[in-house]
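Chains as they are written, first to last, in this note's numbering: chain W, 2 to 378; chain V, 33 to 273.
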C-alpha cells in the first residue's frame with residue numbers, strides 16, 4: 002500500500018512530534034510546526050495524535066494512492082480535490098483506489114498537515130520520523146519530497162472503512178483572512194533586562210510584520226527596532242520553540258520548530274504554547290502585536306486547551322456532533338466550481354448555525370477568542 | 033553557589049549560574065545537569081547545558097512553573113559540588129593537519145608567525161573544555177585555545193566544509209560535525225564520525241568533557257577512516273579523578 006508523489010510542493014516534509022531528548026547535543030527537536038493542526042488531522046483519521054504527517058508550506062502536494070485510504074488536512078485554509086470534487090480541510094476524506102488528490106490553497110494560513118489513516122511506513126531515526134534537513138535524517142530519505150517518490154503506508158488496524166463523517170465541529174482557521182493585527186501572547190524574559198524601558202514599550206506597543214524570510218527555523222519580523230541598554234549579544238544560552246530574540250538590527254526573530262538549540266542574541270520574551278500554532282500560520286505580510294502574559298496564566302491556558310482537546314477526541318470517537326454534521330458538510334462540499342476558500346466559509350457558517358453548542362468544544366483557537374471576549378484587549 | 037531561576041516561556045526555565053565563560057561555572061552547570069538528571073522529576077523532559085546556564089524543558093500539564101522551581105531549589109540545596117560528577121573525561125580526536133585536509137594551515141602560520149609544526153604542536157597540547165554544544169548537532173564550543181593561534185575568519189566563507197573539518201575562528205577552535213558552509217580557517221580534518229545516528233550515542237561527547245587533538249599522518253587518516261566505516265574503530269577516552 003503506497004502513496005505516489007506526482008508533485009511534491011515546494012517544501013513538503015514528513016513531521017511528527019519531534020526528535021526529543023537530544024537538545025543537549027545540539028539537535029532541535031523539529032516536528033510539527035502547528036501541533037494543533039497535525040494532531041487534529043491524525044485523530045480525524047483515527048491515528049495516534051503524534052503520528053507522522055506530510056507537512057506542506059503554502060502549496061500542497063499532488064498525490065496518488067494505489068488503494069483506498071482515509072486522509073485529512075488541517076492547518077491553513079486548504080482544500081482537498083479528489084478527482085475534481087473539492088472537500089474542505091478539517092474533515093476526514095475517503096479517497097478511492099487510484100484517485101489523484103490535489104491540495105488547493107485558500108486565503109489564509111501557511112502550513113498544512115496531511116494525515117493518512119494508518120500512518121506512513123517509514124523508519125524512525127533517533128525516536129522520530131521528523132525530517133531533519135540539516136542532518137539529512139528522518140522523514141523520507143532525510144529530505145523534502147520529490148516527484149516520483151513512493152511512500153509506503155501502514156494499514157490501519159480497523160481497515161480503511163469510510164471515515165468521511167468525521168468532522169471538526171467548529172472550524173477555527175489558524176489565521177483569519179481579515180487584515181487586522183493578530184495579538185499573540187508572550188511570557189517576558191529571560192533577558193528582558195537587557196532592553197531599555199522604551200525598548201520594551203516599543204516591543205509591546207508596535208505592530209510587527211511577518212517577513213518573507215520566514216521558515217520552519219524562524220520567522221523574521223519587521224517593524225520598529227527594540228532599543229537595548231548595551232547591544233543584543235549575550236553569552237549563548239538555550240532557545241525554546243517560540244523564543245523571541247532581538248537580532249543586531251533590533252528587529253525580532255521568533256524561533257520555530259527547526260531552530261538552533263542555543264544562541265547568542267538576547268531573548269526578550271517567548272510565545273506561549275497555545276499561541277504558537279496561531280502564530281505559525283500567519284503569512285508573510287500579516288501583522289502581529291505581542292501581549293504580555295504570566296507563566297501562570299499561560300499554563301492555565303495550556304491545561305484548558307488540553308481538557309478541550311481530550312473532550313474533542315472523546316466526542317470524535319463516539320461520533321457525537323461530527324456524525325450529525327456530516328450531511329450538511331457533504332451537501333456543501335459537492336457544489337462544484339466554487340473555489341475552495343469560499344466553499345469553506347460557506348460550510349463554516351452552515352456548521353455554526355447548525356450547531357450552536359459547538360462553542361463549548363472550542364478546543365482550538367476558540368480558546369483565544371474566548372479569552373479575547375473576556376476583555377483582555 | 034549562587035543561581036537564579038527564570039521562566040523561558042511556559043514550557044522551559046533556565047537556571048542561571050553566572051554570566052561568563054569560566055571553567056568553574058561550567059563545572060557547576062555540568063554537575064547540576066548530571067545531578068538533576070539522576071533525580072526523577074516528573075514532567076521534566078530535557079536538560080540543556082550552556083556556558084553558564086542550565087535550561088530545563090518540562091511539560092506544564094504535569095508540573096507547573098512554581099512547583100518545579102521549588103523542587104529544583106530543594107534538589108540543588110542537597111547537591112554536592114565536589115562529587116564524582118566532576119571527574120575529567122577527555123576524548124582523543126585524531127586530526128590530519130595541513131595539505132588537502134587543512135587548506136588554511138598556511139594562513140594560520142602566516143598570521144601567527146609560527147611554522148606548521150609549531151601551530152600543530154600548540155593546537156595539540158591542550159585539553160579543550162567542551163563548554164556546550166549548539167549551532168548544529170554536535171558542534172562544540174571549546175575553551176582553552178592558545179591565543180597565539182588566533183586568526184580572523186575567512187573574508188569569503190566557503191560554501192562547503194567537509195564534515196570533520198577542524199578550524200580556527202578568532203579565539204575559538206572547533207570541529208564541523210556535518211557538511212556545512214563556513215568561514216573558519218580550516219587547519220585539518222578528523223576521520224572520526226562525530227555524529228552517527230545509528231550509534232547508541234549519536235554524538236560522541238557532551239558538555240563538560242574535554243577534547244584532545246592528536247596529530248596523525250594521511251595514511252593513518254585513511255586507516256582510521258576505514259575502521260570507522262567498518263564500525264571497528266575504538267574511540268579513545270582518558271579518565272582522570
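Even glycine gets a Cβ: it sits at the ideal position worked out from N, Cα and C.
Bridge partners for residue i per DSSP, in chain order?
i, result
"residue 133 of chain W", "W/138"
"residue 218 of chain W", "According to DSSP, residue 218 of chain W bridges with nothing at all."
"residue 211 of chain W", "W/222"
"residue 238 of chain W", "W/264"
"residue 217 of chain V", "V/200"
"residue 79 of chain W", "W/106"
"residue 23 of chain W", "Residue 23 of chain W pairs with nothing; no bridge assigned."
"residue 166 of chain W", "Partner(s): none; residue 166 of chain W has no beta bridge."
"residue 58 of chain W", "W/60, W/112"
"residue 246 of chain V", "V/126"
"residue 79 of chain V", "V/88"
"residue 257 of chain V", "Answer is none; residue 257 of chain V lacks a bridge partner."
"residue 16 of chain W", "W/54"
"residue 53 of chain V", "Bridge partners of residue 53 of chain V: none, in fact."
"residue 227 of chain V", "V/235"
"residue 95 of chain W", "W/71"
Since residue i meets chain V, which of its residues come closer than 7 Å, beta carbon to beta carbon?
i, result
"residue 205 of chain W", "Chain V residues near residue 205 of chain W: none, gap ~16 Å exceeds 7 Å."
"residue 126 of chain W", "229"
"residue 51 of chain W", "Near residue 51 of chain W there are no residues of chain V at all, since even the closest Cβ is about 13 Å away, more than 7 Å."
"residue 57 of chain W", "Chain V residues near residue 57 of chain W: none, gap ~25 Å exceeds 7 Å."
"residue 33 of chain W", "The contacting residues do not exist; residue 33 of chain W stays about 14 Å from chain V at best."
Going by beta carbon distance, what residues of the same chain come within less than 8 Å of residue i, once the five residues before and after it are set aside?
i, result
"residue 214 of chain V", "189, 190, 193, 197, 199, 208"
"residue 235 of chain V", "165, 169, 170, 209, 226, 227"
"residue 192 of chain W", "235, 267, 268, 269"
Taking residue i and residue j to be in contact with their CB atoms under 8 Å, please state how far apart those CB atoms are, rounded to whole angstroms.
i, j, result
"residue 240 of chain W", "residue 227 of chain W", "With 8 Å as the limit, residue 240 of chain W and residue 227 of chain W do not qualify as a contact, their Cβ atoms being about 17 Å apart."
"residue 230 of chain W", "residue 195 of chain W", "6 Å"
"residue 75 of chain W", "residue 90 of chain W", "6 Å"
"residue 73 of chain W", "residue 46 of chain W", "5 Å"
"residue 130 of chain V", "residue 137 of chain V", "4 Å"
"residue 289 of chain W", "residue 188 of chain W", "That pair is no contact at about 16 Å."
Which residues in the same chain have their Cβ closer than 6 Å to the Cβ of residue i, if we skip the five residues on either side of it in sequence?
i, result
"residue 287 of chain W", "211"
"residue 5 of chain W", "65, 151"
"residue 284 of chain W", "111"
"residue 337 of chain W", "Residue placement at residue 337 of chain W cannot be trusted, given a pLDDT of 31 that sits under 50; what the coordinates show is reported in the next sentence. Excluding sequence neighbours, residue 337 of chain W sits near nothing in its chain."
"residue 155 of chain W", "119, 120, 122"
"residue 80 of chain V", "87"
"residue 75 of chain V", "90, 91, 94, 95"
Evaluate residue i with the Cβ neighbour count: other Cβ atoms within 10 Å of its Cβ, from every protein chain shown; 16 or more gives buried, anything less gives exposed.
i, result
"residue 213 of chain W", "exposed"
"residue 246 of chain V", "exposed"
"residue 18 of chain W", "buried"
"residue 84 of chain V", "buried"
"residue 224 of chain V", "buried"
"residue 67 of chain W", "exposed"
"residue 36 of chain W", "buried"
"residue 49 of chain W", "exposed"
"residue 184 of chain V", "exposed"
"residue 232 of chain W", "exposed"
"residue 270 of chain V", "exposed"
"residue 110 of chain V", "exposed"
"residue 258 of chain V", "exposed"
"residue 55 of chain V", "exposed"
"residue 175 of chain W", "A caution first: residue 175 of chain W carries a pLDDT of 48, below 50, which makes its placement in the model too unreliable to give a value."
"residue 33 of chain V", "exposed"
At 9 Å on the CB atoms, spell out the chain W contacts of residue i, in chain order.
i, result
"residue 144 of chain V", "Under the 9 Å cutoff, chain W gives no residues; its nearest Cβ is about 26 Å from residue 144 of chain V."
"residue 238 of chain V", "25, 26"
Under 9 Å Cβ-Cβ, which residues of chain V neighbour residue i?
i, result
"residue 23 of chain W", "78, 169, 234, 235"
"residue 197 of chain W", "Simply none; closest approach about 19 Å."
"residue 278 of chain W", "Ordered by position in chain V, no residue passes the 9 Å Cβ test against residue 278 of chain W, which lies about 14 Å from the chain."
List, in chain order, every chain W residue whose beta-carbon is nearer than 7 Å to that of residue i.
i, result
"residue 42 of chain V", "188, 273, 274, 296, 299, 300, 303"
"residue 81 of chain V", "25"
"residue 161 of chain V", "Under the 7 Å cutoff, chain W gives no residues; its nearest Cβ is about 15 Å from residue 161 of chain V."
"residue 92 of chain V", "300, 303"
"residue 104 of chain V", "By Cβ distance, chain W contributes nothing, its closest Cβ being about 14 Å from residue 104 of chain V, past 7 Å."
Can you name, in chain order, every residue of its own chain whose Cβ lies under 7 Å from the Cβ of residue i, other than the five neighbours on each side?
i, result
"residue 92 of chain V", "42, 43"
"residue 57 of chain V", "49, 50, 84"
Taking C-beta pairs closer than 8 Å, name the residues in chain W that residue i reaches, listed in chain order.
i, result
"residue 113 of chain V", "Near residue 113 of chain V there are no residues of chain W at all, since even the closest Cβ is about 20 Å away, more than 8 Å."
"residue 164 of chain V", "237, 263"
"residue 210 of chain V", "135, 136"
"residue 97 of chain V", "296, 297, 300"
"residue 53 of chain V", "236"
What in chain V is Cβ-close to residue i, meaning under 8 Å?
i, result
"residue 241 of chain W", "40, 41, 43, 44, 87, 89"
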